[in-house]
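Count along the sequence shown from 1, then add 119; that gives the number in the numbering used here. Below is one structure, written out as structure tokens, with a few remarks after it.
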Amino acid sequence: MIYADMAATTPLDPVALRAMLPYLENDFYNPSAVYPDAVYVKRALHRSRAKVAQAIGAAPNEIYFTSGGTEADNWVLKDRIYSAPYHIITTRIEHKAILNACRVLEAFGWRVTYLPVDHTGLVDPAVLEAAIEPGHTKLVSIMLANNEVGTIQPIKELAEIAHKNGAAFHTDAVQAVGHIPVDVEELGVDFLSLSGHKFGGPKGTGALYVRKSAPMHPLIDGGGQEWGLRSGTENVPGIVGMGAAIEHAVSFITEDAKEVSAKRDMLVKQILSEVPGVALTGAEHNRLPGHASFIVDGVDSETLVMDLGNKGIYVSAGSACTSSNGKPSYVLKAMGYTDRQAWCSLRITIGTETRLAEVKEIAAAVTSSIRTLRGEGVR
Ligand code: PLP
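Here it is in structure tokens:
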């Protein structure tokens, strides 16, 4: 089996597993207790918070642990409900965690503008500038990198526009953290969501970065953990695993990104040169390193993904979360593709652990599956 669906989830980094094991066995204590072994566990939480903070250029007291990216996204958006309804700006290609939280805000009287994107999935800063309403727009939420097509947004520029007009800026960086360098100061964002299982950490872990000056209301009331903002006994093994994974992922991030991009380029080149009627979706250069996504003329996504799965090549049609809802990709539609084209998507996402020989095998399998499904037979 070759796993090439890293944007859906990544395998647990052995470094993370090793770090977690003691906290699943002997070091099981409640970090809020006061005896020495519990204090030791609490220190492990501090260390993980520091690792997550360092990985994104934040301070440890700006990191709030959550159950993942979905929770972090929901928290930052729904926190607006505490104030009178104003205006929020997001994009048409956000993850459902953002889009569905916006629907809730709309039910609370907020107006939401969903910005369009160009054919590569890019938000034009001029379009944000035109949509923003000084004094009324309270929050702009734009993802750092898209999960379906890998396009990376000009977040620094977009955040500057938000701030200039008095709005706070959130970025969903779930697909980016651990894969490309991410620095909250450089980007100039007030809030940032990340998710452990996208960079070798365990599932059900994540964090919300909240700039010190940005006020937030508690997400969960209770015993006062996470500075009173997200109560509940901490997921110690998970948090420790996420800390170890993020530290490992960012230690050689620039070199790794270069190496993975080179393999991705090879994969794209091989597929595009071998089969006609296949086009790359998303930005050609400004995209996540391991991310390749295509429209395959005349071949239904699900059939192709299943055929490849039967060959032991695990890829996806696009978003892992929407592939079973029976609708064409709203991301591709927002990028100007027709319904018919949006049914024919293929996403291959590789990582540092994907070997060159595997890349070649994936390309060969994709080529042969497309030919077979088009009834062309294999050369
Ligand atoms: N945001 C983006 C861009 C994602 O790709 C995902 C997961 O696929 C999420 C949010 C949700 O993250 P989680 O699975 O940690 O809830």
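All C-beta atoms in this analysis are idealised placements derived from N, C-alpha and C, irrespective of residue type, glycine included. In this text, all values refer to a predicted model and were calculated from it rather than measured experimentally.
By the Cβ neighbour-count rule, His206 is buried, with 16 or more other Cβ atoms within 10 Å of its own.
Take the alpha-carbon of Leu306 and the one of Gly297: they are about 16 Å apart. If you draw a straight line from the Cα of Val397 to the Cα of Asp291, it is about 29 Å long. Taking all protein chains in view, the Cβ of Met425 is surrounded by fewer than 16 other Cβ atoms within 10 Å, so the residue is classified as exposed. The alpha carbon of Asn145 has as its nearest neighbour, out of Ala157, Ala135, Ser151, the alpha carbon of Ala157. Along the length of the stretch 428 to 470, whole beta strand (DSSP E) runs at least 3 residues long occupy 464 to 468, reported in chain order. By the neighbour-count definition (other C-beta atoms within 10 Å, threshold 16), Phe227 is an exposed residue.
Between Val303 and Gly188 a beta carbon distance of about 16 Å is seen, past the 8 Å cut, so the two are scored as non-contacting. Lys257: member of the beta strand (DSSP E) spanning 256 to 260, first to last residue.
Judged by beta-carbon spacing, Ser167 lies beyond the 7 Å limit of Thr209, meaning their Cβ atoms are not closer than that value.
Taking each of Ala295, Lys430, Gly428, Gly254 in turn and checking the Cα distance to Thr270, the smallest one comes out for Ala295.
Nearest to Thr373 by C-alpha distance, out of Gly357, Pro300, Gly342, is Pro300. By the neighbour-count criterion, in which 16 or more other beta carbons inside 10 Å mark a residue as buried, Ala453 falls on the buried side. The alpha helix (DSSP H) runs of length 4 or more contained entirely in the stretch 262 to 314 are, from start to end of the chain, 274 to 283, 303 to 306. At a cut-off of 6 Å, the beta-carbon of Asp291 counts as near the ligand PLP: some heavy atom of the ligand is closer than that.
Closest by C-alpha distance to Gly357, out of Ile121, Met125, Thr128, Leu143, is Leu143. With respect to the C-alpha of Ile469, the residue from Pro253, Arg459, Glu480 having the closest C-alpha is Glu480. Linking Val153 to Ala163 through their CA atoms gives a straight-line distance of about 14 Å. Bridge pairing for Thr324: absent [DSSP]. Here Glu353 is not near Pro179, since their CB atoms are 7 Å or more apart.
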